[in-house]
Amino acid sequence: MSKQKAVDNFERWAQLVQSIAETRGSNAKIELCANYLAQLSPSQLALACQYMGEGAFSNISGKRASIGSRTIGMAAADYCKIDYDIVFKACRTATGSSTETIQRLFENLTETRQKNILRHWDLAHISELAEKLAQTRARKDKQRILTRIWSGLSPLASKYFVRLLSQGSLRIGFESRSILQALAKIYEVDYEQLRYAHMLTGSIAKTAELVSTHSLDQAQFKLFNPIAFMLAAPIQSRSVKDWDTFIAEEKFDGMRCQLHAYGSKVELFSRDLNVVSNQFPELVDSFAIKDLPPVVLDGEICVFRESIIQPFQDLQKRMGVKKPTQALLSKYPVVFIGYDVLFLERESTVKQPLTQRRISIEKLSKTYKFPISSQHAVSSKKQVEQLFEQALAHGNEGLMLKQKNAPYSFGERKNHWLKVKQPSGSIDTVILYAQAGSGKRGGSYSDFTLGVSVKNDARYEEEFIPIGKAYGGYTDQEWKQLNKAIKGCIINRFGPTAQLHPEIVVELEFEAIQPNPRTKAKYTLRFPRFKAIRWDLSPSDVDSLEHVEMLFEEHQSKKRNPQKSSHSFLKPE
DNA sequence: ACTGATGCGTC
DNA sequence: GTCGGAC
DNA sequence: GTCCGACGACGCATCAGT
Numbered sequence: 065m066s067k068q069k070a071v072d073n074f075e076r077w078a079q080l081v082q083s084i085a086e087t088r089g090s091n092a093k094i095e096l097c098a099n100y101l102a103q104l105s106p107s108q109l110a111l112a113c114q115y116m117g118e119g120a121f122s123n124i125s126g127k128r129a130s131i132g133s134r135t136i137g138m139a140a141a142d143y144c145k146i147d148y149d150i151v152f153k154a155c156r157t158a159t160g161s162s163t164e165t166i167q168r169l170f171e172n173l174t175e176t177r178q179k180n181i182l183r184h185w186d187l188a189h190i191s192e193l194a195e196k197l198a199q200t201r202a203r204k205d206k207q208r209i210l211t212r213i214w215s216g217l218s219p220l221a222s223k224y225f226v227r228l229l230s231q232g233s234l235r236i237g238f239e240s241r242s243i244l245q246a247l248a249k250i251y252e253v254d255y256e257q258l259r260y261a262h263m264l265t266g267s268i269a270k271t272a273e274l275v276s277t278h279s280l281d282q283a284q285f286k287l288f289n290p291i292a293f294m295l296a297a298p299i300q301s302r303s304v305k306d307w308d309t310f311i312a313e314e315k316f317d318g319m320r321c322q323l324h325a326y327g328s329k330v331e332l333f334s335r336d337l338n339v340v341s342n343q344f345p346e347l348v349d350s351f352a353i354k355d356l357p358p359v360v361l362d363g364e365i366c367v368f369r370e371s372i373i374q375p376f377q378d379l380q381k382r383m384g385v386k387k388p389t390q391a392l393l394s395k396y397p398v399v400f401i402g403y404d405v406l407f408l409e410r411e412s413t414v415k416q417p418l419t420q421r422r423i424s425i426e427k428l429s430k431t432y433k434f435p436i437s438s439q440h441a442v443s444s445k446k447q448v449e450q451l452f453e454q455a456l457a458h459g460n461e462g463l464m465l466k467q468k469n470a471p472y473s474f475g476e477r478k479n480h481w482l483k484v485k486q487p488s489g490s491i492d493t494v495i496l497y498a499q500a501g502s503g504k505r506g507g508s509y510s511d512f513t514l515g516v517s518v519k520n521d522a523r524y525e526e527e528f529i530p531i532g533k534a535y536g537g538y539t540d541q542e543w544k545q546l547n548k549a550i551k552g553c554i555i556n557r558f559g560p561t562a563q564l565h566p567e568i569v570v571e572l573e574f575e576a577i578q579p580n581p582r583t584k585a586k587y588t589l590r591f592p593r594f595k596a597i598r599w600d601l602s603p604s605d606v607d608s609l610e611h612v613e614m615l616f617e618e619h620q621s622k623k624r625n626p627q628k629s630s631h632s633f634l635k636p637e
């Protein structure tokens, strides 16, 4: 085998990734990565970067392996000739990770090891194998292909192959930013320039290819190529005093959308840059007949009926439907509300200050008759509070505060845009079940099922019934305290789940109460999280289901104001 | 042809 | 979407 | 000041099992 081949193969890549995972400190990680990448040819480099930053498929390919943790876990159990439910799941609970479990089982089971013949596949071949999995429909066939792949890979490489198949990251504390830094180092280019190019290409592989062939200037903002959205931070993360440097808009509870248009061609992109044009044909049609100049708009899709913005749950009925029927279209009619312009005529406008972009979008809205958000000048906290109340009355989530002179920082969550929200409420609940977490939360209980009281409720036999699950909102220290307390009240175990004697009271905060007939309580919480562990309270203090129902009714009775005397958005006639 | 589990993407 | 914590 | 992983509910599409 030639020297080149050894560097190029997937085993070597997996070893490098493992050593990055084990190394502390991002500079050291970048150094390791740069040393490895520097040995690769341009085409290998692109793949190596893609695998590290994006997975088996490039972000812009739109491809998916469509194979989830259960299918993979069962294939692994089958390959190792162990029981999935009893052995595999238990190992996963102990290690906190499916892929870690796979590596250890493959290493330690003699029979499995004997099936293993290293094939030393190169990086390109790994792409072909992933492609084959993506093209296979039936889960059984996927599992068969997967086990065949494992038999040709080391346990370590098998672990990382599985991680490549998932949409998320490799979880080695080394994300796209670090890969870009390594590339910047090797090719001696400015990191900011590289980041900018990366945003425009939307793909690490493509960026790596451009930088390695010294053609970064080819990365350009192109119509019908989406770019990452600018994101907002919660206002609590910044103490605002200079109110007048911001403008306010209502924060719509809809779906973020980037609209690209030129003449009769229109394309819609979601927050993750997926094409969603098929889901919203009426939007595509209505913009197609406007004969717009080349333009990219940022905005929100909402269900809008009888002059009232409808709840997010209505929109959910449209989001996943790729071929909506006429009946669905008329039951849940949508609007696109524009609030920013990122490209106009021949050039990107992202570097312009917001005020200037606003002038452009107002002009466009007037000429081509499409809705844009209402914008308000603000000068005091009091005024912001008034606008906030008005936003809620319109059925919106709250406000967005946007810095007037800020550019559109695509792909970043900066303090230039702030979201103003208020938790809808909180209830006192009791922990009923605890489950082990995964990754850095592996091995300890970190995932809790919380219940409300139905003690005096004729409809139920039980004392408490689940209202939701929560993980977030407590600190590492509280997490330790919780685990200590839980040990004392376990009354039953079902695999990784422990049933607890109801003792620990948690104040649970949420964004909304949603009716859901499929659950025992008939209600669930939107965005539930710990507000406080109430060591001072006892189970008898836990709120009742009736209380939850009352909160829901209270909220439900508040009418959503029609867009008449005041407006969340403006639609020129 | 129907039902329930699983996967995926939205917030 | 949410959060706490790492960097 | 930003980024990142580890998590929530929901609805639709797709597939496995009957």
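Numbering-wise (the working numbering), the first sequence opens with residue 65 and increments by one.
Note that the Cβ used here is the ideal one computed from N, Cα and C, for glycine as well.
Note that this is a predicted model, so its numbers are computed, not measured.
Identify whether aspartate 362 lies in helix, strand or coil by the three-state DSSP scheme. The residue you call residue 362 lines up with position 298 of the first sequence. Strand, per DSSP.
Three or more beta-carbon pairs under 8 Å between the region 268-276 and the region 107-114, yes or no? These segments touch.
Check whether the Cβ atoms of valine 688 and cysteine 366 lie closer than 8 Å to each other. Past the edges of the chain, shown from 65 to 637, lies residue 688, and the structure says nothing about it.
With H, G and I counted as helix, E and B as strand and the rest as coil, what does DSSP make of aspartate 378? Numbered from 1 along the first sequence, position 314 holds the residue referred to as residue 378. If DSSP states are grouped into helix, strand and coil, aspartate 378 belongs with the helices.
Measuring CB to CB, does phenylalanine 293 end up less than 8 Å from leucine 465? The count along the first sequence starts at 1 and reaches residue 293 at position 229. The count along the first sequence starts at 1 and reaches residue 465 at position 401. Phenylalanine 293 places its beta carbon 8 Å or farther from that of leucine 465.
Rounded to whole angstroms, what's the CA-CA distance from glycine 506 to alanine 85? Just pull it up for me. Position 442 of the first sequence, counted from the first residue, corresponds to residue 506. Position 21 of the first sequence, counted from the first residue, corresponds to residue 85. Looking at the two C-alpha atoms, the distance is approximately 16 Å.
In three-state terms, what does DSSP make of cysteine 698? Absent from the model: residue 698. The displayed extent of the chain is 65 to 637, so no value can be given.
In this structure, what does DSSP give as the bridge partners for phenylalanine 633? As a working note, residue 633 is residue 569 in the first sequence. Phenylalanine 633 pairs with Ser437.
Delimiting residues of the alpha helix (DSSP H) encompassing aspartate 349: Here residue 349 is taken as the residue at index 285 of the first sequence, counted from 1. Note, aspartate 349: alpha helix (DSSP H), 345-352.
Reducing DSSP to helix, strand and coil, say where methionine 65 ends up. Here residue 65 refers to the residue found at position 1 when the first sequence is read from its first residue. Reliability of the predicted coordinates at methionine 65 is poor, the pLDDT of 40 falling under 50, and no value is obtained from them.
Count the other CB atoms within 10 Å of the CB of methionine 614; is the residue buried (16 or more) or exposed (fewer)? Against the first sequence, residue 614 aligns to sequence position 550. So methionine 614 counts as exposed.
Please confirm if the region 559-569 is in contact with the region 490-507, defined as three or more CB-CB distances below 8 Å between the two stretches. Contact holds: three or more Cβ-Cβ distances are below 8 Å.
So is valine 518 buried or exposed if we call it buried at 16+ other beta carbons inside 10 Å? Against the first sequence, residue 518 aligns to sequence position 454. That one is buried.
Give me the Cβ distance between lysine 485 and glutamate 461, rounded to the nearest whole Å; I'm assuming they're in contact under 8 Å. Along the first sequence, read from residue 1 onward, the residue named residue 485 stands at position 421. Along the first sequence, read from residue 1 onward, the residue named residue 461 stands at position 397. Yes, they are in contact, since the Cβ atoms of lysine 485 and glutamate 461 sit about 6 Å apart, within 8 Å.
DSSP state of methionine 294 mapped onto helix, strand, coil: Within the first sequence, the letter at position 230 stands for residue 294. Residue state, collapsed to three classes: coil.
Beta-carbon proximity of serine 502 to glycine 160, cut-off 8 Å: Within the first sequence, the letter at position 438 stands for residue 502. Within the first sequence, the letter at position 96 stands for residue 160. The Cβ-Cβ distance between serine 502 and glycine 160 falls below 8 Å.
So, helix, strand or coil for threonine 413, using DSSP? Sequence index remark: in the first sequence, residue 413 carries index 349 (1-based). Correct three-state label for threonine 413: coil.
Under 8 Å between C-beta atoms of valine 414 and phenylalanine 474: Within the first sequence, numbered from 1, the residue matching residue 414 stands at position 350. Within the first sequence, numbered from 1, the residue matching residue 474 stands at position 410. Contact: yes.
Counterpart residues of serine 490 in DSSP-defined beta bridges: To locate residue 490, count along the first sequence from 1; it is residue 426. Answer is Glu573, bridged to serine 490.
Are the beta-carbon atoms belonging to arginine 593 and glycine 515 less than 8 Å from one another? Taking the first sequence and counting its residues from 1, the one referred to as residue 593 is at position 529. Taking the first sequence and counting its residues from 1, the one referred to as residue 515 is at position 451. Not closer than 8 Å, so no.
Could you pull the start and end residues of the beta strand (DSSP E) that asparagine 556 belongs to? Indexing the first sequence from 1 puts residue 556 at position 492. Counted as a single uninterrupted DSSP element, the beta strand (DSSP E) harbouring asparagine 556 occupies residues 554-558.
Bridge partners for glutamine 499 per DSSP, in chain order? Translated into the one-based positions of the first sequence, residue 499 becomes position 435. In the DSSP output, where bridge partners are listed per residue, glutamine 499 has Asp511 and Thr561.
For serine 191 versus alanine 120, is the C-beta spacing smaller than 8 Å? Here residue 191 refers to the residue found at position 127 of the first sequence. Here residue 120 refers to the residue found at position 56 of the first sequence. In contact: serine 191 and alanine 120 (Cβ atoms closer than 8 Å).
Spell out a yes or no on whether the region 343-353 and the region 418-427 are touching, meaning 3 or more CB-CB pairs, one atom from each, closer than 8 Å. no
Under the three-state reduction of DSSP, which class applies to isoleucine 146: helix, strand or coil? To locate residue 146, count along the first sequence from 1; it is residue 82. Reduced to three states, the DSSP call for isoleucine 146 is coil.
Could you tell me if cysteine 416 is buried or exposed, where buried requires 16 or more neighbouring beta carbons within 10 angstroms of its beta carbon? Numbered from 1 along the first sequence, position 352 holds the residue referred to as residue 416. Note on residue identity: the sequence assigns glutamine, not cysteine, to residue 416. Buried: at least 16 other Cβ atoms inside 10 Å.
Proline 530 - containing beta strand (DSSP E), residue span: One-based indexing of the first sequence puts residue 530 at position 466. First-last of the beta strand (DSSP E) with proline 530: 528-534.
Tell me the DSSP secondary structure of arginine 624 in three-state form. The sequence position of residue 624 within the first sequence is 560, counting from 1. Coil at arginine 624, not helix or strand.
Pull up the CB-CB distance for isoleucine 597 and glutamate 542, whole angstroms please, since I reckon it's below 8 Å. Here residue 597 refers to the residue found at position 533 when the first sequence is read from its first residue. Here residue 542 refers to the residue found at position 478 when the first sequence is read from its first residue. The pair is a contact, with the Cβ atoms about 6 Å apart (cut-off 8 Å).
Does the beta-carbon distance from isoleucine 136 to serine 162 come in below 8 Å? By 1-based counting over the first sequence, the position of residue 136 is 72. By 1-based counting over the first sequence, the position of residue 162 is 98. Yes, Cβ-Cβ distance for isoleucine 136 and serine 162 is below 8 Å.
Alpha carbon to alpha carbon, how far is glutamate 573 from leucine 546? Give it in angstroms, no decimals. Within the first sequence, numbered from 1, the residue matching residue 546 stands at position 482. Within the first sequence, numbered from 1, the residue matching residue 573 stands at position 509. Roughly 18 Å between the two C-alpha positions.
Below 8 Å on the Cβ atoms is my guess for lysine 533 versus threonine 513; work out the distance and round it to an integer in Å. Looking up residue 533 in the first sequence gives position 469. Looking up residue 513 in the first sequence gives position 449. That pair is a contact at about 5 Å.
For valine 275, which residues of its own chain have a beta-carbon under 7 Å away from its beta-carbon, when the five flanking residues on both sides are left out? In the first sequence, the residue the question calls residue 275 occupies position 211. Same-chain partners within the cutoff: Leu247, Tyr251, Val253 and Leu258.
Taking the C-alpha atoms as reference points, what is the distance between lysine 204 and glycine 132? Start at 1 with the first residue of the first sequence, and residue 204 comes out as number 140. Start at 1 with the first residue of the first sequence, and residue 132 comes out as number 68. Their backbone Cα atoms lie some 13 Å apart in a straight line.
Supposed contact pair alanine 141 and leucine 210 - C-beta distance, whole angstroms, cut 8 Å: Taking the first residue of the first sequence as position 1, residue 210 is located at position 146. Taking the first residue of the first sequence as position 1, residue 141 is located at position 77. The pair is not a contact, with the Cβ atoms about 12 Å apart (cut-off 8 Å).
Any idea if asparagine 73 is buried or exposed, counting beta-carbon neighbours within 10 angstroms, 16 or more meaning buried? In the first sequence, residue 73 corresponds to position 9, counting from 1. That one is buried.
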